[in-house]
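Visitor: Can you read through this structure? Questions will come right after.
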Amino acid sequence: MAKGIDVGTMNILSAQQDGNDTVFVQQRNSFVEIEHSDMAEQMLSRSEVLHIRKDNKVYVVGDDALNFANIFNKETRRPMQQGILSSDEKSAIPMIKLITEQVVGEPDEPGEKLYFSSPADPIDSDLSTLYHQKTIESFLDDMGYNAEPINEGMAVIYSELADNNFTGLGISFGAGMTNVCLSYYAVPVMKFSVARGGDWIDEQAAQATGTPVDKVTSIKEDEFELDFTTDVGGVEGALSIYYENLLDYVIENIVREVDEEDVEEGLDVPVVVTGGTSSPRGFEDLFRDHLRDANIPFSISGVRHANEPLYSVARGALVAARSDEEEERTRGGQEAAVESED
Ligand SMILES: Nc1ncnc2c1ncn2[C@@H]1O[C@H](COP(=O)(O)OP(=O)(O)OP(=O)(O)O)[C@@H](O)[C@H]1O
Ligand SMILES: [Mg+2]
């Protein structure tokens, strides 16, 4: 068996094959710290709530963090920021480790292949992804996996463009980042990220309207549509403005990177957009319109939206892990055949 895992700023998801189905396990990449009491400890131990005790504190992690934060009137904290481990959060590593272990589980056999998503270096900030990538890799290896990083944009290609020979432009609009990858027959010819995504939209809209960020996020995730009809001065109006701004920013950077990388002009490729931030109704059309107006030096055969935007990256990581495993098995088989001929 082989597995895939999407280690995202807001969500951590694993993917695994079960017969013809792909099974996903998901947790929010966040936690909340509450004071320890015997009562709390007892209650938590008897429940399914994922938690850890350290010194005089109890940390509730994953999906339940938000509920506990509301009940105890605390803020949730996040191990990652802008696509990578947060340097401002001292508990980042133990917390993300715990969430990851819960999501991916024990390996089925020692050295099981596990592909984990890792962002490309952002072109608009000094952040480097290396430390993040090596840290995740080392604790997955410690769990008994044989962990390999896969670029997040490339995972989108594996997940969504199998029917086009893994050729096209894949874009993952996440929480902390947007990752872009242009692939030609499964070979990445250009990949980069920008350190803006859903979190950036939320922060900007919150600041503009004087609304708490959490409130903005829940409005955005619940009922928001990109239809540009109403709400001048309201949160939804502000969300629309920053959504449009993010799209233009991503497209501008694609044009710039394509120029710099000297991508061949004769290409004609599809574009796939995915990631949680691509969820609102109207996103695909808005992106298509703005891309049409941009000066991309190769032709785009169409823009499509992934069916399950939150699952694309985990599914792509699984596809990569399985194909690697398959290749190894074939190679192993051939070597055995050669040996027996000797
Ligand atoms: N229905 C929805 N409508 C609008 N936005 C949504 C919706 N569901 C999730 N989001 C947003 O999508 C983002 C999370 O998406 P995703 O899980 O793809 O990101 P991630 O992989 O955790 O982050 P990154 O790839 O940047 O590290 C958040 O900003 C979240 O608010
Ligand atoms: Mg992501």
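So in my numbering, spot 227 of the sequence shown is number 229, and the numbers just go up one at a time. Where a beta carbon is used, it is the ideal one built from N, C-alpha and C, also for glycine.
From Leu248, Tyr187, Asn309, Ser93, pick the residue whose C-alpha is nearest to that of Thr276; which is it?
Guide: With distances taken between Cα atoms, Thr276 lies closest to Asn309.
Visitor: To the nearest angstrom, how far is it from the Cα of Val265 to the Cα of Lys217?
Guide: 42 Å
Visitor: Hey, which unbroken runs of the alpha helix (DSSP H) at 4 residues or more fall wholly within the segment 26-91?
Guide: If we require 4 residues or more, the alpha helix (DSSP H) runs fully inside the segment 26-91 come out as 40-48, 66-74.
Visitor: Rounded to the nearest angstrom, how far is the Cβ of Ala322 from that of Gly6, given a contact under 8 Å?
Guide: 7 Å
Visitor: Grab the span of the alpha helix (DSSP H) containing Asn148 for me, first residue to last.
Guide: Looking at the DSSP string, Asn148 is not in any alpha helix (DSSP H); the run it does join, the beta strand (DSSP E), is 147-153.
Visitor: Is the separation between the beta-carbon of Leu320 and that of His292 shorter than 8 Å?
Guide: no
Visitor: Beta-carbon within less than 6 Å of Glu35's beta-carbon, same chain only, minus the 5 sequence neighbours each way: which residues are those?
Guide: Lys59, Tyr61
Visitor: Along the chain, where does the alpha helix (DSSP H) containing Val260 start, and where does it finish?
Guide: 237-263
Visitor: Does the segment 193-206 come into contact with the segment 165-177, if we say contact requires no fewer than three beta-carbon pairs (one atom in each stretch) closer than 8 Å?
Guide: yes
Visitor: Using beta-carbon positions only, say whether Ala4 and Lys115 come within less than 8 Å of one another.
Guide: yes
Visitor: For the pair the segment 88-99 and the segment 44-53, tell me if three or more CB-CB distances fall below 8 Å.
Guide: no
Visitor: Cβ of Phe226 within 7 Å of any heavy atom in ligand 1?
Guide: yes
Visitor: Express the C-alpha separation of Ala122 and Ser301 in angstroms, rounding to a whole number.
Guide: 24 Å
Visitor: So, at 7 Å on beta carbons, what are the nonlocal neighbours of Leu67 in its own chain, with the 5 sequence-adjacent residues on each side left out?
Guide: Leu is not the amino acid found at residue 67; the sequence shown has Ala there. If we look at Ala67 and ignore the five residues flanking it on each side, its Cβ neighbours are Arg30, Ser32, Phe33, Val34, Thr78.
Visitor: I want to know whether the segment 237-252 touches the segment 161-172 - three or more CB-CB distances under 8 Å.
Guide: no
Visitor: Taking 7 Å as the line, does the beta carbon of Glu262 fall inside it for any heavy atom of ligand 1?
Guide: no
Visitor: Is there contact here, the segment 133-151 with the segment 176-188, by at least three beta-carbon pairs under 8 Å?
Guide: no
Visitor: For Asp40 and Arg55, I'd like the C-alpha separation in whole angstroms.
Guide: Here the alpha carbons of Arg55 and Asp40 stand approximately 11 Å from one another.
Visitor: Since I believe Ile86 is in contact with Thr131 (beta carbons under 8 Å), could you give me their beta-carbon distance rounded to a whole number of angstroms?
Guide: Rounded, the Cβ-Cβ distance is 6 Å, consistent with contact.
Visitor: Look at Glu227 and Pro282 and say whether their C-beta atoms are less than 8 Å apart.
Guide: yes
Visitor: Since Arg290 and Val305 are thought to touch, with beta carbons under 8 Å apart, how far apart are those beta carbons, to the nearest angstrom?
Guide: 4 Å
Visitor: Could you tell me which of Gln28, Asp57, Asp23 sits nearest to Glu37, measuring between CA atoms?
Guide: Its Cα nearest to that of Glu37, the residue Asp57 stands out among Gln28, Asp57, Asp23.
Visitor: Leaving out the 5 sequence neighbours to the left and right, which residues in its chain are closer than 6 Å to Val25 when beta-carbon positions are compared?
Guide: Gln18
Visitor: Kindly examine ligand 1 and report whether one of its heavy atoms sits closer than 7 Å to the Cβ of Ala308.
Guide: no
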